[in-house]
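With the first letter of the sequence shown counted as 1, position 86 gets the number 81 in the working numbering; the numbers rise by one all the way through.
Below is one structure, written out as structure tokens; the observations come after it.
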Amino acid sequence: MAISACSFQHGSLPAGGGSVGDASVDAPPDAPGGVPVDGPCSDADHDGVCDAVDDWPCGAKPAAPPTTVMLTAIGTETSMTLTMMAMGHPGSQMLVVTPGQALTFMLHYQITDTACDSGCIDQIEVGFIAGTRLGCVFDQTVPNPGGASGNSPQFALNAPATAGSYDFRAHIGQNYSCNYNGATGWWANSPPLDAATMVKVCVH
């Protein structure tokens, strides 16, 4: 009975891979020291977005405000439609700023007011929530009939001094003037609601 000789090269692996002794053949680590390059990243506001690419560093990014805000008062006798709302340069409705940063704001308004025979004096009050009224971007008589429409002049303001998220909102005022008798608060002491948000600001 003949026995044929077999041969193999010492130290070589058979076709198809395998192992040498008990140690598995493995790929090198992703980075020196075995630290993966796709490991955890810095996330200061804990919103699940890495700081390096986070465009809203004030927590989870909110939805953008509507491009049209509708305000009514005295039933529907006073009606304001606000559009083309823009803060900063270039103008935006979603803004990241530094504490106290100097800003400007503009909008387009269309107002009707049938509560007075010939015309009522109306205001468009603006300010941050949380916060108080900053002033008025519109403050004049609205003729009846006909109403009023146009672009507001640039309104100068400063961002809040404390870091965080803020809504910049509008409110109808119906005083004799914006600051009549030293008025500084919202008309009727009633802060504007969520639906009156025109710009969202992250102070960071």
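All C-beta atoms in this analysis are idealised placements derived from N, C-alpha and C, irrespective of residue type, glycine included.
Cα-Cα separation, residue i to residue j
| i | j | result |
| --- | --- | --- |
| GLY142 | THR109 | 9 Å |
| THR78 | LEU152 | 19 Å |
| PHE133 | THR62 | 19 Å |
| TRP182 | GLN96 | 26 Å |
| GLN118 | CYS36 | 48 Å |
| ALA191 | CYS45 | 31 Å |
| ASP162 | LEU66 | 16 Å |
| GLY43 | GLY54 | 9 Å |
| SER19 | ASP38 | Low confidence applies to SER19: its pLDDT is 45, below 50, so where it sits in the model is not reliable, and the reading given next is rough at best. Those two C-alpha atoms are separated by around 37 Å. |
| GLY122 | ILE69 | 22 Å |
| GLY159 | VAL64 | 24 Å |
| GLN169 | ALA156 | 29 Å |
| SER172 | GLN88 | 27 Å |
| ALA47 | TYR175 | 48 Å |
| ARG128 | SER113 | 28 Å |
| GLY130 | SER144 | 19 Å |
| ASP49 | VAL196 | 15 Å |
| PRO148 | PRO138 | 20 Å |
| THR179 | GLY126 | 12 Å |
| PRO94 | ASN184 | 27 Å |
Simplified DSSP state of residue i, which is helix, strand or coil
| i | result |
| --- | --- |
| PRO104 | As written in the sequence, residue 104 is Tyr, which differs from the Pro given in the question. TYR104 falls in the strand class under three-state DSSP. |
| GLY54 | coil |
| ASP112 | coil |
| TYR161 | strand |
| ASN176 | helix |
| ALA154 | coil |
| ALA39 | coil |
| VAL48 | helix |
| ALA183 | helix |
| ALA125 | coil |
| ALA81 | strand |
| ALA59 | coil |
Assumed close pair residue i, residue j - CB separation to whole angstroms, cut-off 8 Å
| i | j | result |
| --- | --- | --- |
| THR136 | ILE116 | 5 Å |
| VAL92 | VAL194 | With a Cβ gap of about 11 Å, VAL92 and VAL194 do not count as contacting. |
| PRO57 | ASP40 | That belief does not hold up - the Cβ atoms of PRO57 and ASP40 are roughly 13 Å apart, past 8 Å. |
| MET101 | ASN146 | 6 Å |
| GLY83 | LEU98 | 5 Å |
| PRO60 | ILE124 | Not a contact, Cβ separation roughly 12 Å. |
| GLU120 | ALA154 | In fact, because the Cβ distance is near 18 Å, the residues do not count as touching under 8 Å. |
Residues sharing a beta bridge with residue i, DSSP
| i | result |
| --- | --- |
| ASN146 | HIS103 |
| SER74 | THR67 and THR107 |
| CYS197 | VAL91 and SER160 |
| LEU188 | Note: LEU188 sits in no beta bridge, so no partner. |
| PRO140 | PRO140 is not bridged to any residue. |
| GLN135 | ASP117 |
Examine the Cβ distances between the segment 100 to 116 and the segment 68 to 75 and report whether three or more of them are shorter than 8 Å. yes
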